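Take a look at the structure below.
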Ligand code: ARG
Ligand code: ZN
């Protein structure tokens with residue numbers, strides 16, 4: 001091991017900043033060979049800090065310092081220390097101005113943190129710690145300052161110059177250069193700073209707020225993308241209205257800007273007044289974006305907009321509090337998406353992600369609480385736990401308090417903490433104070449890592465008519481945390497009679513008309529609940545709407561699951577019963593001979609779904625999706641991926657064979673007639689068609705082949721075109737596959753977002769996505785190592801979604817991934833550290849696999865100059 005061990009940062013060592021910054025004056029001189037950054041900080045000692053006379057400490061990273069001056073006098077070399085990762089001035093007055101000039105090289109910045117170039121434009125990403133790559137600064141979120149930013153650049157190449165707030169001055173300079181000055185009246189932490197300079201077209205719109213103020217809305221994109229802005233602009237307006245209606249939050253600046261950039265490590269960023277998006281999360285047209293993309297764009301536009309209150313007006317005290325803004329904002333955007341479409345479908349999608357990926361994280365070597373206690377590299381903590389589990393925790397508070405008290409709590413939170421940098425505890429306190437509820441035990445959700453296991457046993461006393469539930473909770477050990485305390489779990493449930501009618505839940509012998517649904521509050525390791533007045537043994541419907549992020553264990557029989565699939569009044573649980581049944585059927589086939597019978601009632605149940613037009617078609621479309629391989633792996637003790645893959649394929653082909661005619665009929669019935677629509681019904685219809693097509697193509701059905709070719713040729717939207725392409729690519733019709741891939745590429749080769757889809761269809765395909773073909777894709781002219789979307793769409797999709805190919809018993813998939821991770825670590829550590837995730841789960845797999853995965857990880861560990869990002873993940877995974 002040749003890397004020095006990076007430092008661990010602990011929450012318990014938090015100290016208030018010794019110095020505060022009231023104002024920041026920035027001047028950027030942008031050139032092709034670099035940029036000069038002039039910064040003037042108005043600094044004063046923090047009266048709340050105990051460290052009187054402490055040195056001034058400013059963070060820095062990859063900066064070339066040109067000069068430092070204090071109150072106008074240039075400091076001599078002995079008066080400060082330039083440590084590379086910091087600038088330290090040992091002796092400073094109580095209050096002063098510090099002027100720092102640095103030189104940076106955005107054109108060589110491949111990490112995409114700080115100021116960098118993406119297809120010819122300058123842009124920034126400062127969260128979490130990117131601002132220190134621009135200039136020396138106390139780069140921590142509890143230092144909040146007003147920013148004034150002047151940008152100077154060549155006018156021909158960079159006619160558009162943007163930063164946070166309002167533009168207050170602009171003008172011409174010598175040599176064809178120009179400048180624009182921006183002023184942001186709201187104090188903010190440096191992570192919310194943004195700058196953009198480029199040759200961009202401007203899309204204009206306006207929004208009138210609830211108090212009647214007119215806000216200018218602007219999107220800035222490269223000219224070739226001018227036609228792909230309308231959907232995001234509308235989504236923005238819907239978000240602004242929704243946040244007023246549901247949370248009483250009005251927008252605060254006079255202008256709100258969105259910029260699309262092609263090279264971006266994450267999805268998007270909520271910089272004050274100037275949101276910057278990964279192109280793939282904001283640009284869309286009917287021709288180029290799938291339904292899933294449209295939905296993702298709507299959710300992300302809303303997410304970033306909602307951050308203006310939950311994140312910017314009230315921000316995080318330190319990065320351990322990241323979920324304060326992310327968990328709450330994901331909860332808000334999921335409520336918004338539920339309101340815009342089908343709440344049940346949105347819930348199914350969120351829970352699928354949570355159970356597949358967050359539960360796996362919680363069970364893996366990087367498991368951490370929603371509020372972590374330590375980290376080495378904060379970029380590694382932009383996780384499913386912080387985001388999705390954090391959102392589930394807020395959702396539980398919402399469920400415990402109810403709509404009205406939750407709104408009272410959020411109002412109090414925003415009012416009490418406006419303009420402050422606060423903690424998750426402050427959030428919970430506001431909810432407590434507004435509602436009068438005691439959430440002290442509930443706070444354990446923020447402190448304890450791991451997914452609680454809730455096991456349920458039931459009994460029935462026919463003589464007394466009493467049905468009993470014994471419910472136990474247990475939270476598994478996670479790295480560094482053992483012997484956990486029971487958590488406060490809201491457990492929604494109901495009971496059904498044998499006809500499928502909901503039964504009143506009478507919890508005492510005298511009660512008569514109990515409610516049809518109850519939220520049991522689990523606070524102890526074990527509880528017993530009794531339900532009275534029941535003439536027959538009921539069927540329990542447990543954890544309705546997934547009321548808490550836990551694993552439920554109950555010995556469901558297949559009869560019970562089939563029954564719940566068609567009778568549970570809770571749509572989520574109907575879907576969940578179907579998933580559990582399919583999981584049970586697939587699991588029971590793992591490792592059995594090819595001829596073993598597939599549970600015939602599964603096909604019967606799906607036939608019913610396919611043919612009952614009275615059912616909610618959006619729900620049916622979801623119910624027909626078999627559990628993914630990733631989910632099956634997550635559920636397994638010692639996963640044998642090829643065996644799981646084979647069992648799932650057998651079930652899929654069995655269903656396709658048994659349901660041939662029903663699938664064809666479903667396809668014909670739902671095939672789009674008339675104009676393209678983007679509502680939930682049309683989306684459900686396309687999903688049903690593409691599922692039917694995919695199943696039929698898995699058994700190389702000739703009629704399906706013709707339908708797929710026809711759909712591919714005549715589709716008027718990307719969902720259908722890609723659905724047909726995917727079906728062809730995953731079929732045995734090799735010649736059709738090649739032809740379709742070729743013609744698709746020819747048609748869309750100049751559209752990077754579509755090319756990413758084209759890459760990922762191949763990289764995820766059991767037929768087309770074997771390693772030799774993946775290596776060819778990496779040589780394709782459209783592939784670009786510097787573009788994170790391209791890397792994700794080939795390498796990330798192969799390792800994360802093409803499980804059978806990645807887990808090739810010869811270990812070639814693991815060696816491949818390790819090699820790519822090492823190569824990427826030198827240019828973009830954040831991407832390298834994300835991409836390595838599948839290998840970190842090595843303990844999850846059968847020995848023949850896990851030993852090779854571990855060896856691949858050890859290879860990465862021994863690389864020279866391991867980044868801090870990768871160091872943390874690899875070392876923790878091997879520990
Ligand atoms: N705050 C952004 C969002 O969730 C994500 C920024 C993540 N940046 C990072 N370097 N990890 O909306
Ligand atoms: Zn966010």
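Numbering (UniProt numbering), first residue to last: 1 to 879.
Glycine is no exception: its CB is placed at the ideal position from the N, C-alpha and C atoms.
Computed from a prediction, not measured in an experiment: that's the story for all the values here.
Per the coordinates, the alpha-carbon of residue 46 lies some 12 Å from the alpha-carbon of residue 93. Using a 10 angstroms sphere on the CB of residue 25, the tally of other CB atoms reaches 16 or more, which defines it as buried. Residue 402 is classed as exposed because its beta carbon has fewer than 16 other beta carbons within 10 Å across all chains shown.
Distances from the alpha-carbon of residue 295 to those of 501, 252, 7, 282 put 282 closest. The alpha helix (DSSP H) runs lying completely inside the segment 423-483 and spanning 4 residues or more are 424-435, 444-447, given in chain order. For residue 361, the CB contacts under 7 Å within the same chain, skipping 5 residues up- and downstream, are 367, 383, 384, 385 in chain order. Annotation for residue 272: no beta strand (DSSP E) segment contains it, and DSSP assigns it neither H nor E. Residues 428, 432 of the same chain have their beta carbon placed closer than 6 Å to that of residue 439, with the five preceding and five following residues left out of the count. Short note on residue 244: C-beta not closer than 6 Å to any heavy atom of the ligand ZN. Not one heavy atom of the ligand ZN lies closer than 6 Å to the C-beta of residue 298. Nearest to residue 329 by alpha-carbon distance, out of 844, 269, 472, 153, is 269. When the Cα atoms are used, residue 791 and residue 134 turn out to be separated by approximately 26 Å. The beta carbon of residue 580 sits closer than 7 Å to the beta carbons of 556, 561 from its chain, once the five residues preceding and following it are set aside; these are given in chain order. Listed as beta-bridge partners of residue 10 by DSSP are 374.
Sequence-distant Cβ neighbours of residue 408 in its own chain, meaning closer than 6 Å and more than five residues away, are 434. Under the DSSP assignment, residue 716 falls outside any beta strand (DSSP E); it carries neither an H nor an E label.
Ranked by Cα distance from residue 217, the first of 196, 240, 787, 866 is 240. In the DSSP assignment, residue 697 falls within the alpha helix (DSSP H) that extends over 680-698. For residue 382, the secondary structure class from DSSP, reduced to helix, strand or coil, is coil.
Cβ neighbours of residue 692 within its own chain (closer than 7 Å, five residues either side excluded): 663, 666, 667. In this structure, residue 269 has its CB closer than 6 Å to one or more heavy atoms of the ligand ARG. Of the heavy atoms belonging to the ligand ZN, none sits nearer than 6 Å to the Cβ of residue 129.
Taken through DSSP and simplified to helix, strand or coil, residue 309 comes out as coil.
Looking from the CA of residue 502, the closest CA among 298, 575, 743, 538 belongs to 538.
The straight-line gap separating the alpha-carbon atoms of residue 49 and residue 20 is approximately 10 Å. Closest option to residue 451, judged by alpha-carbon separation, among 489, 463, 758, 648: 489.
By the Cβ test, the segment 310-321 is not in contact with the segment 709-716, since fewer than three Cβ pairs between them sit closer than 8 Å. Membership of residue 565 in the alpha helix (DSSP H) is indicated by the continuous run 558-567. For residue 596, there is no enclosing alpha helix (DSSP H), as DSSP gives it neither H nor E. Counted as a single uninterrupted DSSP element, the stretch harbouring residue 842 is not any beta strand (DSSP E), since DSSP gives it neither H nor E.
Closest by C-alpha distance to residue 823, out of 313, 238, 785, is 785. Contact between the segment 190-199 and the segment 123-130 is present: three or more C-beta pairs spanning the two stretches fall below 8 Å.
For residue 398, the uninterrupted alpha helix (DSSP H) run begins and ends at 390-417, by DSSP.
Contact between residue 544 and residue 584 fails: their C-beta atoms lie close to 20 Å from each other, not under 8 Å. In this structure, the CA atom of residue 139 is about 12 Å from the CA atom of residue 114.
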